[in-house]
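Chains as they are written, first to last, in our numbering: chain X, 85 to 582; chain H, 11 to 349; chain C, 1349 to 1676; chain F, -10 to 322.
In this text, a Cβ means the ideal position worked out from N, Cα and C, and glycines have one as well.
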Ligand SMILES: Nc1ncnc2c1ncn2[C@@H]1O[C@H](COP(=O)(O)OP(=O)(O)OP(=O)(O)O)[C@@H](O)[C@H]1O
Ligand SMILES: Nc1ncnc2c1ncn2[C@@H]1O[C@H](COP(=O)(O)OP(=O)(O)OP(=O)(O)O)[C@@H](O)[C@H]1O
Ligand SMILES: [Mg+2]
Ligand SMILES: [Mg+2]
């Protein structure tokens, strides 16, 4: 029976209008991997932020090795021996990888920062994570995924006794995830505890010793992983049984509503061509950095592409030169990063949902608030968006509900061709299931969806056909029943070539 | 302005010839002043923080003491801005000032406001800078911008012995006063074909910028003989530049300036001549004139004498403008003045 | 054969230069300065004379030093609008000590201390009130200037002892500027403070979560800005030989101009000391050139504005190239 | 997520709270001044002040729009100066007055477009872009006027500023019209919505199919045109267009806008708040003048008032207490 390393009791935190945490308790033993699960908005991240001193104005007690721990500021938690990988990327884009890894802990040689040493140490830890970027590269130029790995590198170099990981794999794909799993096991072996938050149960069951569950800001309970069954955990989480198996779609697939030809942007992707049918979900799979996002951004006219053309409703057209054009053509785009590109966080659910609709029709400049309200109310009901009111700022919604608002925004624009980039990134099982149902419903109504995803099960479970990308090129388009996950991986990694 | 119409008219106070007996006149003013409430007088100037006006205000306060009046406010914008001047005047009217003394940044833009004040029964006197087309009662000045400019022009001509390169310096390019002075200088110089005005630089009343500009002028025009400045920042700044370039004796700096700010350079001979007048006296006489008007309904007569500090006022322009003497400051007299 | 190799190396040299040009904002301004210098030099023979270059060095010192402080504030995603008023306040404070007959070095220390205090006040207000620097310093800009007037009654102090002119004369301003350049280049590269300023400007929340003492660093930034302003004030006194309450009016804009021309970004996290000083040099050149090229005062502002726009357009072009190049 | 019952109320209150506080402050000030100086509360004084501030208030409306859209416009004062100069000179050279006015406003539109393009397309930092245009424009004014005030305006031009309708001075009426119009645009039209979202998150706005560049250019044009309007009223009030007009306007206006609770990072704020800021600042100045407090002290008080207001706003947002100014440890509550 190992010593208790950390013990939280009676943690309560209220945000204006939201009781985020209500007398929550939690305890972690030494050399233990504790998984913390809960729906979006359950309060996991809030709990973490309190524990690491990133958030104030709460009540309750934190015992660290039996002694009360005072944390007013993140650096105090660090000094105590707690290092954290937050849910949001916490890197500074304008400084180098090495600096980010050692931010605040820069190695010094007589007073001055020792760059040589810092870069060397960084290279070392990146090697361990097999990330292949120069320590002197500016972080802003790296992909979201690589940035996530650098966060992990930072946490590892702090040689802490407790490492907290809040959804570390949300933007990673299979390959990196497996590396991370290995690392967590090593940590445990070296007597280091890990608090692991994730919505991906395969990971949780692979590495965790115990699972603690939060629901609506309340502590529900803990179970030992070996004698826990997924469905039980889900019930604890959601309070009801959820069916996370992918449903068979029966709707018939119509004719081509959208096609891309020879889309190329030097350095990002090359000669991509594919068709999208009415009522079809076209999955796009590939390793991180394969250029899927860039492809999507190019199709939607956000980034300029070097060459290529699209066909909509039988008409062949040049690539849209701006999202405005794409919108007019009836294309919708749910971006990878909802906080950065999906939502205006300072605006309410209502204002966000109708933005595209307003942008689309050039007539009636005046907003009829009644119409708007009823429209939004309708979507809130249809998409079961959990929000106190439609005036609530989207900033204050949890991940899943934010994502639903973004989807509502595109449904309101009446775009029939939807590009979803990582639609379920960081979204809990319940919400995931709802979003899958929603996508099924949409295709049933004749929408066509291009779904970029790094989660293989999702791709296989949801898609009718799958476009696999490798280093910016198409490695082939497959009928979903014609390929196995292993084959997709080998195409994605380019293993098939050699 | 009935009194102004007939300058010869004798004060109601007593039936003596004014020109001979002014001291008594002002004694008399003070006598009648003793048994009344002190007048509330507000002073609005072009620019707060200019020592020139601070001295004028000191003179005004002195007069207020001697003539039983009260300076209820002395204020102005931090940089020349007629709009803010208007604000101050409007608020002085509300405040119930008996008289307002204005030195305006824009003699046309100020007109409606001055007239408004007069209609409201406030006695408006301009000082330093006049607004002749307004209904203001009277102006106390050392000479309008043209005259002060001309004065600088003359001494410039004299100092460069009617030939050679000279440069002109000014504060803000939009300042009416300064622009008029500049034009006046150019007017004078234009009569002397051998004098070449090589440049006119504006420093926005930024002393350091002015130093830099003069440094650059010295570089650009090796034969430069003199720089003349129309803003009181210019002469000392120019002198500073000349001195640090070791051009003392070769290049002169002259213009409008405060003796206290320039004495060191006058002593050093960088500034042979400085043109100004005593702002204190100007402020003093303006207040005195205002108080007397309110006591006696009479505007100043020619040679009106405001005592030992105030001195005599030369009244011209059919009785609407009173002039205090301009002073040329040189090695000899600069230390006799404390402003 | 040989020729081929030569050509190759040449091309690669050209390409590496192109890459440098695209990736370092400072380089565009260097070229810009170079071109302008050539232009002025051709028009006016006195431009390249030693005295003139010395003059320019004197004329950029004050702005250059203040700009470095401004650079710090802007890199930290703030701005310090109060520097101009600070110059005035520090000058009058120094003035009253000069009147007491304190030696120059003592007054210098007082200037630096006064700057540190003013800057400290800015910093504390910013972190404690949790208000954007632009707002706090907009307020203190008024407060400092007001205090300056009240304290000095608008009066000047002149006839300063000659040893105060030392700071504004000959090569001294240039030397001080170079010292500041070296010192702060070192600070920005080799101290935690320097690096953390970049981190905070780059993403304050991340910096905080990463464990940086953000508030402490911010206060230090504005203190540094104040101290540099104090140093600049001492040079100002040396150059003008007079203490005026109006000193420094509008200098905040000159400093911002220099910093931005030098490649410092208001989005925070980007900028270099030498870039900033290059910016100040460019502005100095413009002022100097206006007179040397005999440009009428009325047109000077127009030309200044156009040159600034031109310089920034060049930088935008550079930035766009850089992004195009991003994929490769 | 537990939504505690009073969410909506809390939301509205926190949105209204600050404006209410400003109103309260204004009332207290009126009370205080009324006791100190009865002349302060006279209709005459209040009307005088309101008339006086209408110009800067009109400009402030434009500045608010620009700042909400995530921008900043230093050139307002210069536009306010150059437009009447253009009009006066045109009219002075025999161009019919109506046409002269059109040309003046056209000039403003062009300036706005230039600002907008420099910032939207050429990606200038707003503060530096508008600083450059400001410098250039002021110099153009000097070139046009040789530094002398322009006073070639037709008879009765002054009626615009000095005349009144139903006893209300025309400038005040114009101001009210402008406020109503822009309050409506910002709250009830899609362009208002787009302006807020552009300031709040340009990337997301762009991806939502809204041309962020166009919105940006639009707001600078709005700001320039309103500055032009202010300039016209101003020149009619003085029957003269002075080349140095509006040298301090930009900072005064920004002070009022920030005091009104508009966030300098864009995406948040409103015109009514700005108007309260304008009223507070100007009635404080008016009060100080009546109390005979000189310009030096006024500067100091202004700064302090701004700090207090914004500090209070920040407290409201993030629940800090004055005491935290002196507390050693910092918490992020
Ligand atoms: N700054 C804030 N202001 C108001 N409410 C907030 C704020 N941050 C979080 N909340 C609310 O607190 C609750 C908990 O949020 P939290 O981010 O901890 O959920 P979570 O469990 O991390 O969800 P996810 O799995 O999506 O990360 C949510 O209802 C959220 O809306
Ligand atoms: N939000 C974004 N804005 C700008 N560029 C982006 C963004 N997201 C990705 N990119 C760029 O697209 C390229 C591929 O990045 P990314 O990793 O997103 O590819 P991907 O195939 O979409 O992988 P994943 O989506 O799983 O991260 C990278 O160069 C990255 O800089
Ligand atoms: Mg979370
Ligand atoms: Mg992606």
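Residue i - DSSP class collapsed to helix/strand/coil
i: residue 326 of chain F; result: The shown model of chain F, from -10 to 322, leaves out residue 326 of chain F, and the question about it has no answer.
i: residue 122 of chain X; result: coil
i: residue 520 of chain X; result: helix
i: residue 115 of chain X; result: coil
i: residue 340 of chain X; result: strand
i: residue 311 of chain H; result: coil
i: residue 205 of chain H; result: strand
i: residue 505 of chain X; result: strand
Where residue i meets chain X, residues with beta-carbon distance less than 9 Å
i: residue 1547 of chain C; result: 176, 178, 179, 183, 184, 187 and 188
Alpha-carbon spacing of residue i relative to residue j, whole angstroms
i: residue 224 of chain H; j: residue 1635 of chain C; result: 11 Å
i: residue 276 of chain H; j: residue 1613 of chain C; result: 47 Å
i: residue 1423 of chain C; j: residue 66 of chain F; result: 28 Å
i: residue 275 of chain X; j: residue 89 of chain X; result: 11 Å
i: residue 240 of chain X; j: residue 176 of chain X; result: 18 Å
i: residue 1386 of chain C; j: residue 1402 of chain C; result: 17 Å
i: residue 336 of chain X; j: residue 563 of chain X; result: 15 Å
i: residue 141 of chain F; j: residue 113 of chain H; result: 23 Å
i: residue 579 of chain X; j: residue 230 of chain X; result: 21 Å
i: residue 360 of chain X; j: residue 201 of chain F; result: 30 Å
i: residue 409 of chain X; j: residue 419 of chain X; result: 17 Å
i: residue 1464 of chain C; j: residue 1431 of chain C; result: 12 Å
Per-residue contacts from residue i into chain F (C-beta, under 8 Å)
i: residue 84 of chain H; result: 283
7 Å Cβ cut-off: residues of chain F touching residue i
i: residue 194 of chain H; result: What residue 194 of chain H touches in chain F: nothing, since even the nearest Cβ is about 14 Å away.
i: residue 1541 of chain C; result: Those do not exist, as residue 1541 of chain C stays about 18 Å from chain F at its closest Cβ, beyond 7 Å.
i: residue 1664 of chain C; result: 111 and 112
Cβ pair residue i, residue j closer than 8 Å
i: residue 58 of chain F; j: residue 205 of chain F; result: yes
i: residue 380 of chain X; j: residue 411 of chain X; result: no
i: residue 238 of chain H; j: residue 220 of chain H; result: no
i: residue 122 of chain F; j: residue 1653 of chain C; result: yes
i: residue 89 of chain H; j: residue 57 of chain H; result: yes
i: residue 371 of chain X; j: residue 227 of chain X; result: no
i: residue 67 of chain H; j: residue 293 of chain H; result: yes
i: residue 118 of chain X; j: residue 296 of chain X; result: yes
i: residue 350 of chain X; j: residue 311 of chain X; result: no
i: residue 1625 of chain C; j: residue 1529 of chain C; result: yes
i: residue 53 of chain H; j: residue 73 of chain H; result: no
i: residue 247 of chain X; j: residue 185 of chain X; result: no
i: residue 1503 of chain C; j: residue 64 of chain H; result: yes
Proximal chain C residues relative to residue i, where beta-carbon distance stays under 8 Å
i: residue 132 of chain F; result: 1646, 1647 and 1650
Interface partners of residue i on chain H, CB under 7 Å
i: residue 1394 of chain C; result: 229 and 230
Pocket of ligand 3 (residues with CB nearer than 6 Å to any heavy atom), chain order
X:128, X:129, X:171 and X:250
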